[in-house]
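Okay, structure first, notes after.
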Amino acid sequence: MNTFRLNLKRISIWVLLLTQILLVISYFFLQIETAKPDIDTKISFLKSNEIVKDVTPTYHRLDTNLILKSINTRSSFIDFNSSLCFKNGTDLVSMRISKDANWKCKCLPGWHGNDCGMPEVLWRAILASRKPIKIKGPRTFERRLIYVFKVDQFSEHIADIRINELDHDCHYLRNKLNNKFYKEHQDKILYAQGKHDTLWKSVKPYLKNLRNDDIILSSDSNEIPNKDALLFLKFYDQWPQPIKFRYRWSVFGFFWMHPSRTIIGGGACTIAFLKEAFNNKLELLTDNKTLSGPLYKGITLGDLNHYGGWYCEYCNDGAQIVKYLASKPKNVIKWDRIDKQKIDSDYIEELIENGVYIDGKTQLNKAYKYRDNYFAPQFVSEHNWRYDFLLINFYSKLDYYE
Numbered sequence: 005m006n007t008f009r010l011n012l013k014r015i016s017i018w019v020l021l022l023t024q025i026l027l028v029i030s031y032f033f034l035q036i037e038t039a040k041p042d043i044d045t046k047i048s049f050l051k052s053n054e055i056v057k058d059v060t061p062t063y064h065r066l067d068t069n070l071i072l073k074s075i076n077t078r079s080s081f082i083d084f085n086s087s088l089c090f091k092n093g094t095d096l097v098s099m100r101i102s103k104d105a106n107w108k109c110k111c112l113p114g115w116h117g118n119d120c121g122m123p124e125v126l127w128r129a130i131l132a133s134r135k136p137i138k139i140k141g142p143r144t145f146e147r148r149l150i151y152v153f154k155v156d157q158f159s160e161h162i163a164d165i166r167i168n169e170l171d172h173d174c175h176y177l178r179n180k181l182n183n184k185f186y187k188e189h190q191d192k193i194l195y196a197q198g199k200h201d202t203l204w205k206s207v208k209p210y211l212k213n214l215r216n217d218d219i220i221l222s223s224d225s226n227e228i229p230n231k232d233a234l235l236f237l238k239f240y241d242q243w244p245q246p247i248k249f250r251y252r253w254s255v256f257g258f259f260w261m262h263p264s265r266t267i268i269g270g271g272a273c274t275i276a277f278l279k280e281a282f283n284n285k286l287e288l289l290t291d292n293k294t295l296s297g298p299l300y301k302g303i304t305l306g307d308l309n310h311y312g313g314w315y316c317e318y319c320n321d322g323a324q325i326v327k328y329l330a331s332k333p334k335n336v337i338k339w340d341r342i343d344k345q346k347i348d349s350d351y352i353e354e355l356i357e358n359g360v361y362i363d364g365k366t367q368l369n370k371a372y373k374y375r376d377n378y379f380a381p382q383f384v385s386e387h388n389w390r391y392d393f394l395l396i397n398f399y400s401k402l403d404y405y406e
């Protein structure tokens, strides 16, 4: 028996040794083959007249009709016994590991409702309105959201955040689109030139299957609406109209806040409401004076602690901010309040470093990304390497080494 075991061990050792030798030999021959020139894999260069560029745009323009997709809401919800729960707002992990039968949805912090589909910001807005609002839903199919906003060379970063978070100077944007900018989102973009107050009338005829209960949203070039609130509007019925947004007021980046903390802007409503209440005049949807009248019974999303989105003012580098200020009419910037004869990049960078507003007087409040749930939009926080200049004050040594 001992002799058998010894022989078995010897055989195992020889098998292992032979296997190693074969691996070494294989590696040696592989290196020789790799070193040989392969005629078929040589690099060849096209002549200038042979170069073909695919410049066919995939975004939509006003010379083509746009068919809006109908999306079933079922994929955004999950069944737990007899309960239908909204995935983004439900604590799915604890419900799945719970030994008890789950007859009710268990909401994550910041979510409310029987199906956990109502975000905190909307729940608070309904409570604050003190109106008998009876939300119904979820719907079988999502409302489609048509988001109208302006893009120029000074708002590229905010446009990038908006398009990715929610998931447009004219030649400037067209060139960016032709160069495959927002490539993964181009099938959802309709590029149009025109003034804001007439743009909707130009665009609407090209949306062939537009429904009366679809949503139209409009906002300024530096506004980013709360994504969770917009999803709720798409999934549910009988919410008050029109919707306004109380934004968190960030300056130079999300690391500084204006002392006023919030600013109201933007507007959203259904296509039917825009026609009936505003005669399809999109500019009235975003006019705070118009919506402050007694005829309109809508609500404002956001308060001083829970925001309906982000207003990122002067969120650019110093040189771009100087160009932006120079491009504006003198009556837009209140120059009489600015203690500076000449505004240059050095001056702007000093303001950013020390947290002083563009007027050179107003002290900004520091924001803390690890303490504040609303520090920045979710997409920005999840892609901090891409937007680090908006999350970290690189002009301040204290922020840089935090």
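Residue numbers (this note's numbering): 5 to 406. Built from N, CA and C at the ideal position, the CB exists for glycine as well. Given the structure is predicted, the values throughout are model-derived calculations rather than measurements.
Kindly indicate which three-state DSSP category residue i falls into: helix, strand or coil?
{"i": "H161", "result": "helix"}
{"i": "D142", "result": "Asp is not the amino acid found at residue 142; the sequence shown has Pro there. It is coil, neither helix nor strand."}
{"i": "I101", "result": "helix"}
{"i": "F282", "result": "helix"}
{"i": "G269", "result": "strand"}
{"i": "Q324", "result": "helix"}
{"i": "G312", "result": "coil"}
{"i": "W389", "result": "coil"}
{"i": "D232", "result": "helix"}
{"i": "I356", "result": "helix"}
{"i": "S400", "result": "coil"}
{"i": "I82", "result": "strand"}
{"i": "K370", "result": "strand"}
{"i": "P209", "result": "helix"}
{"i": "T202", "result": "helix"}
{"i": "L70", "result": "strand"}
{"i": "D348", "result": "coil"}
{"i": "L395", "result": "helix"}
What does the alpha-carbon distance come out to for the pair residue i and residue j?
{"i": "S264", "j": "F249", "result": "15 Å"}
{"i": "S48", "j": "W389", "result": "For S48, the predicted structure reports a pLDDT of 35, less than 50, and the residue's modelled location is therefore unreliable. A value from the coordinates is still provided. Cα to Cα, S48 sits roughly 36 Å from W389."}
{"i": "G141", "j": "F259", "result": "38 Å"}
{"i": "A323", "j": "F158", "result": "11 Å"}
{"i": "K2", "j": "I167", "result": "This structure leaves residue 2 out entirely; the chain is present only between 5 and 406."}
{"i": "R252", "j": "G313", "result": "6 Å"}
{"i": "S86", "j": "R148", "result": "28 Å"}
{"i": "T366", "j": "Y210", "result": "46 Å"}
{"i": "L329", "j": "D363", "result": "12 Å"}
{"i": "L72", "j": "W115", "result": "29 Å"}
{"i": "D350", "j": "I325", "result": "11 Å"}
{"i": "M99", "j": "I82", "result": "11 Å"}
{"i": "F282", "j": "L289", "result": "7 Å"}
{"i": "I101", "j": "Y378", "result": "30 Å"}
{"i": "I165", "j": "L234", "result": "15 Å"}
{"i": "L2", "j": "D217", "result": "No answer is possible for residue 2: the residues shown for the chain start at 5 and end at 406."}
{"i": "F153", "j": "L131", "result": "29 Å"}
List the endpoints of the continuous alpha helix (DSSP H) containing residue i.
{"i": "R128", "result": "E124 to S133"}
{"i": "I75", "result": "I75 -> no alpha helix (DSSP H), and no H or E assigned at all."}
From which residue to which residue does the beta strand (DSSP E) around residue i run?
{"i": "K248", "result": "I247 to V255"}
{"i": "I303", "result": "I303 to L305"}
{"i": "S222", "result": "I219 to S223"}
{"i": "L149", "result": "L149 to F153"}
{"i": "C89", "result": "S87 to F90"}
Within 10 Å of its beta-carbon, does residue i have 16 or more other beta-carbons around it, so buried, or fewer, so exposed?
{"i": "Q242", "result": "exposed"}
{"i": "W107", "result": "exposed"}
{"i": "L394", "result": "buried"}
{"i": "T144", "result": "exposed"}
{"i": "D232", "result": "buried"}
{"i": "I347", "result": "buried"}
{"i": "T94", "result": "buried"}
{"i": "A276", "result": "exposed"}
{"i": "C155", "result": "According to the sequence displayed, residue 155 carries Val and not Cys. Looking at its Cβ environment, which holds 16 or more other Cβ atoms inside 10 Å, V155 is buried."}
{"i": "I303", "result": "buried"}
{"i": "I137", "result": "exposed"}
{"i": "Y408", "result": "No answer is possible for residue 408: the residues shown for the chain start at 5 and end at 406."}
{"i": "E354", "result": "exposed"}
{"i": "Y318", "result": "buried"}
I think residue i touches residue j, with their Cβ atoms under 8 Å apart; what is that distance to the nearest whole Å?
{"i": "S225", "j": "G269", "result": "Not really, about 11 Å apart at Cβ, beyond 8 Å."}
{"i": "H310", "j": "V125", "result": "5 Å"}
{"i": "T274", "j": "Q245", "result": "7 Å"}
{"i": "W439", "j": "N284", "result": "Lying outside 5 to 406, the shown extent of the chain, residue 439 is not represented and no answer is given."}
{"i": "I219", "j": "C316", "result": "Contact doesn't hold; Cβ gap of about 23 Å is too wide."}
{"i": "F239", "j": "G117", "result": "Actually they are not in contact, since the Cβ atoms of F239 and G117 sit about 11 Å apart, beyond 8 Å."}
{"i": "Y399", "j": "I356", "result": "5 Å"}
{"i": "E169", "j": "P381", "result": "5 Å"}
{"i": "V255", "j": "Y374", "result": "20 Å between Cβ atoms; not a contact."}
{"i": "S74", "j": "K91", "result": "Going by Cβ atoms, the distance from S74 to K91 rounds to 20 Å, so no, they are not a contact pair."}
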